[in-house]
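Numbering (our numbering), first residue to last: 735 to 1571.
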């Protein structure tokens, strides 16, 4: 390498010049001492010395250099690294051409580093000398290494931050979402908790049911579905196990939600892009039906799960299962397993034994499979699908350990037999009575005594006054009598009403005998207006008694002409036998149902006052115009009303309004209505006693009706020869009155004992006249038999006159002499008192 020395080549020092230590001797100076060398000259001199030393060492150890190169410290090499012009700062480029002195003034001094020989600890040979190019290469390599390390560090930091961001951010976001969902869930649970706490009232209510007095179901209003709530211990165990096995096998263990099933169902649905698998537990299905609805949305499902978890905490498993089995839909308008047992197998609720408790394994397994798809598996529509579903249920019951394989095989065999299904129909055992009950119930709602609701699913249970067994017996008796009269006398229908007049309780209500199971049949008893004939006379006669006449008062049965009004023909009544009977007492005239004397009594009592008496006693409505013919049945009235009105005579003048509803309870068993009825005194006890005394006088009516007529309440057939010979047996006191219209379209008998009042109508629905039917041939035999049925087992109790009546013998100017009962102060002049009541 050529070296350039601007001030001449320095002389090489000799060995004599060197000191023992190897240092250069001090340079001798002239007297005129030149200025000290500059920093640049000093650097050049040191550099020269190093180069000389290196060459000597290289020459002396050429062979050793190949064996072991020396290791030099790069930081001790006195090398000035040349930099490209573009990297040299402008000030240094300008000083390259400047003299050393000027350059030293500008550039700061840089300390020189001593050259060090680094030798290996194990090798004594000196290392080789690095060239300037190698030094530069190693320098740039080291720079690149540093740069690469910095880049790697930055990359590692970026990767680390990326990993943190990719894990921490989603985790934090998920945590936030979960927290938010938990908050929303808690808020929703708090909002829905009142409904959850009162879940029983939120469930679909039972259909309205009507029971007779003994608790037997007689009617169910099922136009919006049939439902009957029963206790869990009143449901067949086979039906319970079948439901759990097919709907929620882990029901007794889970917390209301099966999360494993939820994940599985969600996975199946996502793969299929539509709902193919369900995961609802029995608890979730209950919540869906009762609170959140069936909408197929995510939020609905979440609300359902939240409430399912809550209900499991607040209710026992037995309560949840009871709610579910009583409200789930089984098809055929049947809600709840009890209604389904009736709809598919014709099982009926009995006192102490529900329809659901009567289900066997085959029946319970069939019903358990219906809720998933009631229409698809409806056995009345597709028996094969229903049986296939039943087999699935039985297999699940085997897996769960509820039954054995032989038991399942026997159940399948039973279901395959003809007649396995026995479809039931809505119960309506007493249609006319039930219709009257509904009208009475509507009246209670209108008056505010019963809360308004949709009756068909109100959940109300109505306990009525009906004696269904007795009504069925009376219905059979009436049908038998009408069948005997139909051909010869053109009689086709009858109606019967029986009331306990002490309370007003209606125990029998037969509105017609034709197709009594049809609620569409016309109810003659409560809806039909029929002319009562002579059965209306007691209302007129008791009005006359109130005005001073008595049963012993004399009356004339002679031709009579009555002016009614301008333009109207003269009214001339006639008797049933078309004869006149002369002078008689009111007792005789009433008991033999003579018409002409009755019109004379009405003229004395007054048409208006007589009608007011009838209305006060219970005739709530009528058709026609009040006139003198009213006493003979000129007005059309309801059999139900007239029967109730006769109860006033029987009850000492007290009016007890008739009723059919004894008690109403809601679906929780709470009593919301209890019948409480106070009677009203509309007649004095003495007036009522007088009328009862007259109407129960069988001997007085024998002139017209004969001995042992149907109005005589003995245990035998009317006009039985044995009775006519005097062998009457036990005779129950009874007060009764018949009525037949002049055109023979309507035939009535109304009467009472000390226990009940019964009214009977006989005739034809189309209003056509009967043939050869007297007053005791049509309705009286039905009344006789019905009263004996009602009094069966009751003691014989005679009628007793109330105190305050006077018995007197009176001789009337027309030649009639009578001994009878009078109200105090009404005995005619010359009468002789013979006793008091």
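Backbone N, C-alpha and C fix where the C-beta goes; we use that ideal spot for every residue, glycine too.
Taking all protein chains shown into account, do 16 or more other C-beta atoms lie within 10 angstroms of the C-beta of residue i, making it buried, or fewer, making it exposed?
| i | result |
| --- | --- |
| residue 1195 | buried |
| residue 762 | A caution first: residue 762 carries a pLDDT of 43, below 50, which makes its placement in the model too unreliable to give a value. |
| residue 1471 | buried |
| residue 991 | buried |
| residue 1525 | buried |
| residue 1440 | exposed |
| residue 801 | Model confidence at residue 801 stands at a pLDDT of 47, short of 50, so the residue's coordinates are unreliable and nothing is read from them. |
| residue 882 | exposed |
| residue 1291 | buried |
| residue 855 | With a pLDDT of 44 at residue 855, under the threshold of 50, the modelled position of that residue is not reliable, and the figure given next carries that caveat. Answer is exposed; the Cβ neighbour count stays below 16. |
| residue 977 | buried |
| residue 1096 | buried |
| residue 1028 | exposed |
| residue 874 | exposed |
| residue 898 | exposed |
| residue 1162 | buried |
| residue 1219 | buried |
| residue 893 | exposed |
| residue 879 | exposed |
| residue 1283 | buried |
| residue 1030 | exposed |
| residue 750 | Any reading at residue 750 needs caution, since the residue's pLDDT is 45, under 50, leaving its predicted position unreliable; the model's value is listed next. Answer is exposed; the Cβ neighbour count stays below 16. |
| residue 960 | buried |
| residue 1182 | exposed |
| residue 986 | exposed |
Quick test of your reading: residue i and residue j, contact by CB under 8 angstroms. State the CB separation rounded to the nearest angstrom.
| i | j | result |
| --- | --- | --- |
| residue 1258 | residue 1267 | Not really, about 15 angstroms apart at Cβ, beyond 8 angstroms. |
| residue 1491 | residue 1570 | About 28 angstroms separates the two Cβ atoms, so there is no contact after all. |
| residue 1552 | residue 1199 | Rounded, the Cβ-Cβ distance is 42 angstroms, inconsistent with contact. |
| residue 1438 | residue 1326 | 4 angstroms |
| residue 1507 | residue 1223 | 5 angstroms |
| residue 1064 | residue 1104 | 5 angstroms |
| residue 1444 | residue 1494 | Contact doesn't hold; Cβ gap of about 10 angstroms is too wide. |
| residue 1360 | residue 1369 | 7 angstroms |
| residue 1151 | residue 979 | Actually they do not touch by this definition, with Cβ atoms about 23 angstroms apart. |
| residue 1168 | residue 952 | 7 angstroms |
| residue 1351 | residue 1447 | That belief does not hold up - the Cβ atoms of residue 1351 and residue 1447 are roughly 23 angstroms apart, past 8 angstroms. |
Looking at the strands, I want to know which residues DSSP matches up with residue i.
| i | result |
| --- | --- |
| residue 1482 | 1473, 1495 |
| residue 943 | 954, 1195 |
| residue 1545 | 1551 |
| residue 1317 | 1290 |
| residue 1100 | None, per the DSSP bridge assignment. |
| residue 1569 | 1541 |
| residue 1239 | 1234, 1393 |
| residue 980 | For residue 980, which the question treats as bridged, DSSP gives no partner whatsoever. |
| residue 1244 | 1230 |
| residue 1447 | 1466 |
| residue 1305 | 1296 |
| residue 1357 | 1370 |
| residue 961 | 1069 |
| residue 1084 | 1087 |
| residue 1556 | 1540 |
| residue 1388 | 1415 |
| residue 1264 | 1371 |
Can you tell me whether residue i sits near the ligand SAH, meaning its C-beta is under 8 angstroms from at least one heavy atom of the ligand?
| i | result |
| --- | --- |
| residue 1393 | Among the ligands in the structure shown, none appear at all, so the ligand SAH cannot be discussed. |
TODO: Only counting runs of 4 or more residues, tell me where the alpha helix (DSSP H) segments fall wholly within the region 1142-1230, in order along the chain.
DONE: 1165-1180, 1202-1223
Task: Validate contact between the region 1405-1413 and the region 1508-1526 using beta carbons, cut 8 angstroms, 3 pairs - done: The answer is no - the region 1508-1526 does not touch the region 1405-1413, with fewer than three Cβ pairs under 8 angstroms.
- [ ] Decide yes or no for the touch test of the region 1222-1235 against the region 1480-1495: beta carbon pairs closer than 8 angstroms, at least 3 of them.
- [x] yes
- [ ] Evaluate contact between the region 950-962 and the region 1067-1081, counting only Cβ atoms and requiring at least three cross-stretch pairs below 8 angstroms.
- [x] yes
Open item on the list: My parser needs the beta strand (DSSP E) runs of 3 or more residues fully inside the region 1040-1067; what are they?
Closed with: 1063-1065
Open item on the list: For the pair the region 1329-1337 and the region 1306-1316, tell me if three or more CB-CB distances fall below 8 angstroms.
Closed with: yes
Open item on the list: Across the region 1073-1093 and the region 1157-1177, are there enough close Cβ pairs to call them in contact, namely three or more that are closer than 8 angstroms?
Closed with: yes
Task: Cβ contact (3+ pairs, closer than 8 angstroms) linking the region 1132-1148 and the region 1053-1060 - done: no
Open item on the list: Using a Cβ distance threshold of 8 angstroms, determine whether the region 1142-1149 contacts the region 1365-1373, with at least three qualifying pairs required.
Closed with: no
Task: Every unbroken beta strand (DSSP E) within the region 1397-1438, with a cutoff of 3 residues, ordered by chain - done: 1405-1408
Open item on the list: Quick check: the region 1410-1426 against the region 1373-1392, are at least 3 beta-carbon pairs closer than 8 angstroms?
Closed with: yes
- [ ] Would you check if the region 1525-1540 and the region 1210-1226 touch, i.e. whether three or more CB-CB distances between them fall below 8 angstroms?
- [x] no
Open item on the list: Between the region 1118-1135 and the region 1169-1180, can you find at least three pairs of beta-carbon atoms closer than 8 angstroms?
Closed with: no
TODO: May I have a chain-ordered list of the alpha helix (DSSP H) segments no shorter than 4 residues that lie completely inside the region 1100-1130?
DONE: none
Open item on the list: Across the region 1455-1472 and the region 1333-1351, are there enough close Cβ pairs to call them in contact, namely three or more that are closer than 8 angstroms?
Closed with: no
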